[in-house]
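Chains as they are written, first to last, in my numbering: chain A, 1 to 496; chain B, 1 to 505.
Right, one structure below, let's go through it.
This is how it looks when you write it as structure tokens:
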């Protein structure tokens with residue numbers, strides 16, 4: 001249990017929380033005085049967090065524990081780092097400060113509401129809270145952003161998810177006379193890409209941990225899916241969000257996407273899905289030729305990644321793992337020749353093995369046509385690089401997905417938006433954690449103008465992310481507005 | 001009926017002029033419908049009178065056709081095989097000739113087709129499940145007819161539908177030439193006409209990547225026109241069924257029709273519901289426990305055996321694998337508590353806390369212990385039938401669920417079978433052929449027969465099991481039950497399972 005150290009059972013008990021903080025204070029000073037390496041690191045971070053978000057900003061800015069904690073958090077993070085390790089990121093006080101001072105409720109509201117004044121798009125939208133005791137609270141809804149904020153501060157959910165807009169207010173669903181009067185109407189088309197689906201081909205890490213090498217899988221996936229959604233389906237407002245640990249989510253917010261029913265969502269998921277077959281199914285890519293333009297384009301994007309990410313960084317066919325590569329080749333003669341060659345030179349790198357295929361084939365060990373071999377090689381490239389979507393998430397209108405900007409309870413990282421124009425530069429391990437952010441508020445040195453308060457998120461590393469989100473939301477609102485206008489003018493609102 | 005529209009009414013000016021005082025008592029008169037085309041989108045409801053007997057027989061005949069179509073899809077027949085198989089059945093029960101046949105009974109046939117469609121629409125509008133099935137089967141029937149319709153007549157029919165689609169001009173054809181060809185899998189040099197429609201109108205083609213997409217528009221080749229028409233048919237039928245369902249309660253008062261309709265929808269029981277709870281009770285089999293699953297697993301069909309051995313090897317299964325296996329275990333009579341215990345022990349690398357938080361709920365949900373009202377009342381989901389397993393999307397990387405005959409490569413499948421003790425060359429060869437023809441359930445039944453050869457011979461010889469008891473297996477739980485009974489013959493349970501036939505219904 002991540003929060004077994006902290007008294008999370010009574011998050012609302014104001015008095016108890018402060019008494020805990022008192023205790024923390026004394027302990028903390030002890031620790032700062034005694035630089036004992038044996039002191040449990042996680043407890044320390046945790047207590048200091050309690051500490052700095054408790055009171056006024058300036059008080060601890062220059063105090064000794066503060067400096068100390070900075071060193072702590074800026075310690076070089078070992079790579080690959082298991083960021084699933086126990087932490088106290090969902091500590092009640094940390095979460096309270098986060099929701100009070102950092103979470104961009106205003107823009108979240110505008111994003112879901114599609115208009116400046118409250119509409120049913122927001123009021124009938126389902127939110128689901130994961131409470132500190134891990135209870136899962138569904139069918140929450142809020143008329144305004146302020147009320148959502150208020151409940152977050154009161155309940156301190158470790159995260160919350162966003163569901164569809166329903167035909168009636170989700171809170172009233174049990175008062176309806178007919179159950180069928182309560183049904184989901186619209187929701188953004190969502191995608192979930194998770195590293196677990198890559199476990200059979202990634203060699204650098206397993207399970208919950210990630211490193212820069214395997215993040216490249218997600219980068220590739222984002223590129224391929226994003227361009228397909230824009231060029232093929234004509235969607236414009238696509239928000240990519242880091243999921244906080246080892247994956248990414250996409251929210252397609254165009255009106256046309258929001259209004260799709262399940263069969264249409266299934267159609268898009270099917271269009272984008274390529275890899276079929278379980279672990280025993282052998283070859284996972286079976287496509288007809290000529291390649292569909294979407295696959296052809298994807299292959300062109302993925303080719304260069306295959307060279308660097310797969311062959312050099314992942315090195316997937318070292319030693320006996322090469323048998324998998326052989327399995328994917330259609331030509332028996334070629335297979336035998338390659339096997340012989342590789343057995344005689346153990347430790348041969350995957351990149352060399354990949355080029356061996358062509359050289360051995362050229363030297364005569366090819367019983368099938370070169371076209372067959374080329375196609376098999378294309379299939380292999382796709383199998384190792386093509387996005388692996390968790391398709392179920394996209395197929396259902398009423399599927400819930402974690403909201404952007406919430407904190408991942410395991411890593412403490414904020415689920416920030418990813419700018420697709422600079423997707424290559426996005427570094428999941430550099431995404432600020434909630435504790436870092438809270439500390440940055442305290443350390444902020446700028447001057448506040450008279451009568452004009454600067455929001456706390458502007459004082460932190462969260463600033464660029466919130467600003468990106470704001471721009472995104474403004475673009476959506478603008479289209480939404482002109483879309484309504486045009487719909488009024490003439491019935492044809494196709495090209496919004 | 002809610003579908004009644006003004007079009008079907010006689011022009012008011014032409015209606016026999018009644019005294020306005022009597023008008024409210026007069027019977028409405030409708031124009032007799034003419035059927036110009038063989039195909040019908042069933043937009044207008046029938047308005048003429050028919051006898052009760054006609055009402056029933058026409059409906060039953062159509063039902064026969066529909067259930068045969070369903071049987072074909074269930075046996076994984078290819079479209080060509082289905083068309084061939086259905087020909088004689090359709091000719092017998094629901095003949096529908098083209099205009100060129102100049103048959104005398106042309107109008108009569110079309111009337112029957114029209115009326116029976118609407119009668120069944122009434123009968124199958126009651127529940128979401130029935131509506132979905134009805135729409136699926138009617139669509140299949142429409143497709144079948146569309147395909148073998150006379151080309152000219154078909155074009156006329158399509159023209160009457162007023163489907164809005166834009167033709168792709170020569171400029172665009174030139175611009176996207178290569179892409180268009182690649183998207184539709186056409187050979188080079190072949191000339192084709194294309195339609196441009198919003199992609200939402202052809203979700204099926206999009207899903208299979210058989211059209212070119214550009215900024216939300218799908219470029220549909222002429223020959224995929226069927227898919228457009230069929231999609232339109234399904235869309236309109238679905239909407240109409242929804243309306244029918246809403247209007248349906250008003251019919252409750254009609255004492256003549258209601259029993260017939262109820263009877264019709266009952267005789268249309270879904271194979272999805274082929275599992276009945278009495279199947280869990282097997283004579284002589286003591287209630288299974290978490291600990292006895294390992295022993296019992298030798299009676300499991302390949303799909304479940306493979307899940308079981310994967311679970312044992314990895315101490316984990318992914319979501320759909322868990323779901324499939326949990327429901328199966330529920331089906332053999334494992335209680336909820338034992339089932340939770342089974343999973344808890346099987347996931348041995350996991351803490352109690354994680355298990356309770358992330359996995360227990362799903363098991364309870366499958367048993368209907370938690371979840372929405374409908375789920376609890378229905379006591380969770382029913383165990384998956386072979387049809388369900390065979391029509392689900394294929395498993396993705398790392399997933400294990402589904403039917404191994406379908407999801408495994410041939411080599412992996414054969415080695416799995418050999419591991420399970422099937423070593424007879426001929427059998428393996430036949431299995432391979434079955435699988436190539438996508439007759440997965442035939443392969444599975446073949447394996448069952450091979451591994452229970454001696455026992456089956458015995459019960460056949462002494463006549464203790466009837467032919468119905470040895471009918472084709474179409475449900476993993478039937479497989480288990482039959483296997484267990486056969487292997488425990490003469491242990492006081494010779495009496496064949498009382499519910500044996502129930503499952504095949």
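Quick reminder that beta carbons are idealized off the backbone N, C-alpha and C, glycines included.
Item: Neighbouring residues, chain B, relative to residue 275 (chain A) (Cβ below 8 Å); Value: 396, 397
Item: Between the CA atoms of residue 411 (chain B) and residue 180 (chain A) - distance to the nearest angstrom; Value: 49 Å
Item: Same chain only: Cβ atoms within 7 Å of residue 475 (chain A), ignoring 5 sequence neighbours per side; Value: 237
Item: Contact set between the stretch 165 to 180 of chain B and chain A, restricted to residues whose Cβ is under 7 Å from the partner; Value: 179
Item: Whole-angstrom distance between residue 446 (chain B) and residue 432 (chain B), CA atom to CA atom; Value: 11 Å
Item: Same chain only: Cβ atoms within 7 Å of residue 182 (chain A), ignoring 5 sequence neighbours per side; Value: 166, 167, 168, 173, 176
Item: Residue range of the alpha helix (DSSP H) that includes residue 443 (chain A); Value: 434 to 443
Item: Whole-angstrom distance between residue 125 (chain A) and residue 55 (chain A), CA atom to CA atom; Value: Residue placement at residue 55 (chain A) is flagged as unreliable, the pLDDT there being 37, under the threshold of 50; a coordinate-derived value is accordingly withheld.
Item: Contacting positions in the stretch 411 to 434 of chain A - beta carbon closer than 8 Å to chain B; Value: none
Item: Length at least 4, wholly inside the stretch 315 to 347 of chain A: the alpha helix (DSSP H) runs in chain order; Value: 322 to 328, 332 to 344
Item: Members of the stretch 189 to 209 of chain B that neighbour chain A once the beta carbon cut-off is set at 9 Å; Value: 198, 199, 200, 202, 203, 204, 205, 206, 207, 208, 209
Item: Proximity to residue 312 (chain A) [Cα-Cα], best of A:461, A:452, A:330, A:203; Value: A:203
Item: Same chain, Cβ closer than 6 Å to residue 328 (chain B), five either side skipped, listed in chain order; Value: 304, 383, 476
Item: Neighbourhood of residue 131 (chain B) by C-beta distance below 7 Å, restricted to the same chain and skipping five residues each side; Value: 124, 125, 241, 245
Item: Cβ-based contacts, 8 Å cut-off: residues of the stretch 235 to 262 of chain B near chain A; Value: none
Item: Continuous alpha helix (DSSP H) stretch holding residue 118 (chain B): start and end; Value: 106 to 123
Item: Within-8 Å CB hit, residue 463 (chain A) to chain B; Value: no
Item: Assigned exposure category for residue 294 (chain B) - 16 Cβ within 10 Å defines buried; Value: exposed
Item: Residues that residue 116 (chain A) bridges to, as DSSP identifies them; Value: BP columns for residue 116 (chain A) are empty, so no partner.
Item: Contacts around residue 112 (chain A), its chain only, beta-carbon distance under 6 Å, and the 5 residues preceding and following it disregarded; Value: 122, 125
Item: Closest Cα partner of residue 291 (chain A) within the set B:366, B:182, B:143; Value: B:182
Item: Span separating the alpha-carbon of residue 337 (chain B) from that of residue 379 (chain B); Value: 15 Å
Item: For residue 508 (chain B), the three-state DSSP class (helix, strand or coil); Value: Within the shown structure, residues of chain B are numbered from 1 to 505, placing residue 508 (chain B) beyond reach of any answer.
Item: Three-state class that DSSP yields for residue 480 (chain A) in the structure shown; Value: helix
Item: Chain-ordered chain A contacts of residue 307 (chain B) [CB-CB under 9 Å]; Value: Here the premise fails: no neighbours, minimum Cβ distance about 11 Å.
Item: Rounded straight-line distance, which links the Cα of residue 218 (chain A) to that of residue 321 (chain B); Value: 25 Å
Item: Beta-carbon neighbours of residue 133 (chain B), restricted to chain C and to distances below 7 Å; Value: Considering every chain present, this structure includes no chain C. Its protein chains are A and B.
Item: Close beta carbons around residue 481 (chain A), own chain, < 7 Å, minus the five adjacent residues each side; Value: none
Item: CA-to-CA distance, residue 158 (chain B) to residue 139 (chain B), given in whole angstroms; Value: 16 Å
Item: Listed by chain order, chain A residues near residue 213 (chain B) by CB distance under 9 Å; Value: 228, 231, 232, 233, 234, 271, 293, 294
Item: Under 7 Å by beta carbon: chain A residues contacting residue 507 (chain B); Value: The structure shown does not extend to residue 507 (chain B), since chain B is modelled only from 1 to 505, so the question has no answer here.
Item: Contact with chain A by residue 489 (chain B), beta-carbon distance below 8 Å; Value: no
Item: Residue 138 (chain A) - DSSP class collapsed to helix/strand/coil; Value: strand
Item: Cα-Cα separation between residue 384 (chain A) and residue 164 (chain A), rounded to whole angstroms; Value: 34 Å
Item: Against chain A: residues of the stretch 405 to 424 of chain B by CB proximity under 7 Å; Value: 407, 408, 409, 412
Item: Within chain A, the residues that residue 183 (chain B) reaches when beta carbons sit closer than 7 Å; Value: 292, 293
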